[in-house]
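Asks: Numbering-wise (this note's numbering), the sequence shown opens with residue 1 and increments by one.
Sharing a structure, written as structure tokens. Questions coming.
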Amino acid sequence: MKVIAVYSTKGGVGKTTAAVNLAWEAARDLRVLLWDLDPQGAATFVMQVKPKLKGGVGALVAGDKKAASAIRSTSVDGIDVLPADASYRDLDLVFDQAKKSEQRVSKILEQVADDYDVVILDCPPGSSLVAENAVYSADAVVVPLVPSPLSMRALAQVEEFVAASASKAPVVAFLSMVDRRKTLHREAVTTLPSQDGAVVDVVVPATVHVERMGTERAPIAVYAPTSEAAKAYTALWARVQGIVKAKPRKRKR
Ligand SMILES: Nc1ncnc2c1ncn2[C@@H]1O[C@H](COP(=O)(O)OP(=O)(O)O)[C@@H](O)[C@H]1O
Ligand SMILES: [Mg+2]
Numbered sequence: 001m002k003v004i005a006v007y008s009t010k011g012g013v014g015k016t017t018a019a020v021n022l023a024w025e026a027a028r029d030l031r032v033l034l035w036d037l038d039p040q041g042a043a044t045f046v047m048q049v050k051p052k053l054k055g056g057v058g059a060l061v062a063g064d065k066k067a068a069s070a071i072r073s074t075s076v077d078g079i080d081v082l083p084a085d086a087s088y089r090d091l092d093l094v095f096d097q098a099k100k101s102e103q104r105v106s107k108i109l110e111q112v113a114d115d116y117d118v119v120i121l122d123c124p125p126g127s128s129l130v131a132e133n134a135v136y137s138a139d140a141v142v143v144p145l146v147p148s149p150l151s152m153r154a155l156a157q158v159e160e161f162v163a164a165s166a167s168k169a170p171v172v173a174f175l176s177m178v179d180r181r182k183t184l185h186r187e188a189v190t191t192l193p194s195q196d197g198a199v200v201d202v203v204v205p206a207t208v209h210v211e212r213m214g215t216e217r218a219p220i221a222v223y224a225p226t227s228e229a230a231k232a233y234t235a236l237w238a239r240v241q242g243i244v245k246a247k248p249r250k251r252k253r
């Protein structure tokens with residue numbers, strides 16, 4: 001089982017969008033668990049799962065509740081979701097009070113190691129203990145970058161954060177929400193992938209197809225399979241899969 005953390009210190013850069021669409025791409029032939037670690041529950045909402053966790057995430061961390069009983073199936077073949085509810089707001093505190101604080105996510109995932117080929121973690125922004133947990137358990141850390149000087153700062157922060165952890169996970173950044181009418185964005189597309197080894201040459205355009213995900217409540221490929229955005233996530237998954245080399249136990253679709 002391979003774990004992919006979709007993470008950035010910045011909010012609103014396309015983490016949840018990437019997490020949901022990478023999950024869809026992976027689920028073409030792998031069994032995928034999408035774990036929503038953000039109390040905002042955007043991934044939970046898009047995948048049409050009820051944001052309800054009996055006993056809250058605290059029970060999951062304490063071991064009073066098994067991961068399998070909190071996981072929900074979705075209408076998308078091959079994707080299950082571990083939903084986030086409001087109790088995730090206190091997750092940092094819950095981890096802080098637990099032993100080996102940064103290894104809790106990894107421990108919980110051990111319970112389902114035989115059930116899934118890939119786990120995608122949709123992380124909240126910031127450099128929290130939640131992020132430390134995600135990075136600790138990850139085989140790759142995927143970082144969306146909206147072209148701007150600040151987003152390069154965010155990439156540097158993620159790289160420092162991963163380097164300071166026990167994790168050996170490579171950082172895989174891609175350009176997100178790219179508007180080719182903007183000079184800065186066009187420049188970023190041509191220069192960043194060759195300048196910074198962590199930036200792969202995958203460009204997700206800023207389009208209405210992506211915005212619609214909130215109303216369609218499905219991965220982009222479900223309602224706009226031929227869109228440039230859907231193709232970009234196919235390419236992104238190919239890159240990530242090439243790095244983590246997740247293997248199917250059994251072909252799903
Ligand atoms: N490529 C894109 N084009 C247009 N809108 C986008 C794109 N990517 C994300 N968005 C929108 O931007 C907002 C933030 O995206 P989201 O994936 O939730 O970011 P994060 O999880 O990093 O906070 C959402 O409303 C989403 O629909
Ligand atoms: Mg999000």
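Yeah, the Cβ is synthetic: ideal placement off N, Cα and C, and Gly gets one too.
Quantities reported herein were computed from a predicted structural model and do not represent experimental measurements.
DSSP three-state label for P205, please.
Replies: In the structure shown, P205 sits in a strand (DSSP, three-state: E or B).
Asks: In the DSSP assignment, find the alpha helix (DSSP H) that holds M213 and state where it starts and stops.
Replies: Start and end: M213 to E216.
Asks: By the 10 Å Cβ neighbour count, where 16 or more other Cβ atoms means buried, how is R153 classified, buried or exposed?
Replies: That one is exposed.
Asks: What are the boundary residues of the beta strand (DSSP E) that includes K2?
Replies: Here the beta strand (DSSP E) through K2 covers K2 to V6.
Asks: Does the stretch 116-128 come into contact with the stretch 27-37, if we say contact requires no fewer than three beta-carbon pairs (one atom in each stretch) closer than 8 Å?
Replies: The stretch 116-128 vs the stretch 27-37: in contact.
Asks: Quick one: complete beta strand (DSSP E) runs, 3+ long, within the stretch 103-162?
Replies: Counting only runs of 3 or more, we get 118-122 and 140-145.
Asks: Measure the alpha-carbon distance for A206 versus V46 and round it to whole angstroms.
Replies: Distance between the alpha carbons of A206 and V46 is about 18 Å.
Asks: Between the alpha carbons of F95 and T183, how many angstroms are there, rounded?
Replies: Cα to Cα, F95 sits roughly 43 Å from T183.
Asks: Are at least three pairs of beta-carbons, each pair with one atom in the stretch 70-86 and one in the stretch 17-32, less than 8 Å apart?
Replies: These segments touch.
Asks: For the candidate residues S127, S73 and A59, whose alpha-carbon lies nearest to that of I108?
Replies: The shortest C-alpha separation from I108 is found at A59.
Asks: For the structure I just gave you, are there three or more beta carbon pairs, one from the stretch 38-45 and one from the stretch 147-162, closer than 8 Å?
Replies: No, because fewer than three Cβ pairs between the stretch 38-45 and the stretch 147-162 fall closer than 8 Å, the two stretches do not touch.
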